[in-house]
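So the structure is just underneath, and the comments pick up after that.
Listed below in structure tokens is the structure:
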């Protein structure tokens, strides 16, 4: 059975809001077009960067629909459809499938802290709701639980379309372990911009990136260089981009990246929803200073 694989530079899209807190649909469409024009390989709406926990169901569905509609088949859309409720995750998955998503992103159930058997049954229920690729999302720092290698292997063995994992545990060794167990049958995607290069060197096939919301061309160039084996170019790009990669997480994601997006006119407002809030003035100045310095350097080289 041949199952589609999504690799390369994939953007974890921020969800734009107006100053009054409602969805900024015009900004969302503009963001999709800008990403595609920059050469991004796929888009992920309503993930962590998309503030999915603060969207109601109607908003969640609207962001997915509008992203798919605007992309218009130019790039695949991997819709966030995760939840710590299996029934809700299945429902969101069915909606994404019907809306035309190419795949779904499924985070490990947070707060509940299920056993590995519980994780297997959770993701199995999701896999049985769609025949499109399922991207597992392991981020222990947010969920309090890791999807163990043996559980991923068990899922892939039973459901060949559960064939991707976004690995955001901060460990290069995890890439080695996943690849040793499943090889090319499993697509590993970095969940951390700062680890994209070492992850690819260990066998990962790309990144689901936060930074590509504001520097898509550079993330594309880094991933292409690393995957083609041009490590000299990839290393130089990594070193240049690393200060921004690091500082985009100086406060909770997506607060810093939204500030940068507003700075360059991608967003009308950098508004986030509570419990997230705006950055401290000191941190905002630091992030924007680093971003502006990078922009100046890139412009001088163009």
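Numbering (the working numbering), first residue to last: 52 to 353. Cβ coordinates follow ideal geometry from the N, Cα and C atoms, glycine included.
Here residue 190 is near residue 99, since their CB atoms are less than 9 Å apart.
Residue environment: residue 248 is assigned as buried (16 or more neighbouring CB atoms within 10 Å of its CB, all protein chains considered).
Non-local beta-carbon contacts of residue 271 in its own chain, meaning distances under 6 Å to residues more than five positions away in sequence, involve 60 and 90 in chain order. The continuous alpha helix (DSSP H) containing residue 289 extends over residues 282-298.
Counting the other Cβ atoms within 10 Å of the Cβ of residue 315 gives fewer than 16, which makes it exposed.
In this structure, residue 185 keeps its C-beta atom at 9 Å or more from the C-beta atom of residue 141. Taken through DSSP and simplified to helix, strand or coil, residue 66 comes out as coil. A direct Cα-to-Cα measurement between residue 257 and residue 236 gives close to 15 Å.
When secondary structure is reduced to three states using DSSP, residue 91 falls in the coil class, being assigned neither helix nor strand.
For residue 240, the beta-bridge partners assigned by DSSP are 217 and 257.
The alpha-carbon separation between residue 318 and residue 168 amounts to approximately 42 Å.
In this structure, the alpha-carbon of residue 278 lies about 10 Å from that of residue 58. Under DSSP, residue 131 takes part in a beta bridge, and its partners are 156. Counting the other CB atoms within 10 Å of its CB gives residue 290 a total below 16, which places it among the exposed residues.
Sequence-distant Cβ neighbours of residue 180 in its own chain, meaning closer than 8 Å and more than five residues away, are 141, 144, 145 and 148. In this structure, residue 325 lies near residue 105, with their beta-carbon atoms less than 9 Å apart. Of 295, 300, 245 and 120, the smallest CA-CA separation from residue 274 is found for 245.
Under the three-state reduction of DSSP, residue 59 is assigned to strand. Here DSSP, grouped into helix, strand and coil, assigns residue 246 to helix.
Residue 322 sits close to residue 309, with the two beta carbons spaced by under 9 Å. Distances from the alpha-carbon of residue 79 to those of 261, 115 and 196 put 115 closest.
Boundaries of the beta strand (DSSP E) around residue 187: 185-189.
By DSSP's assignment, residue 74 forms a beta bridge with 68. Cβ neighbours of residue 173 within its own chain (closer than 8 Å, five residues either side excluded): 137, 140, 160 and 165. As the crow flies, the alpha-carbon of residue 328 is around 33 Å from that of residue 255. Annotated as distal: residue 218 and residue 207, with beta-carbon spacing of 9 Å or more.
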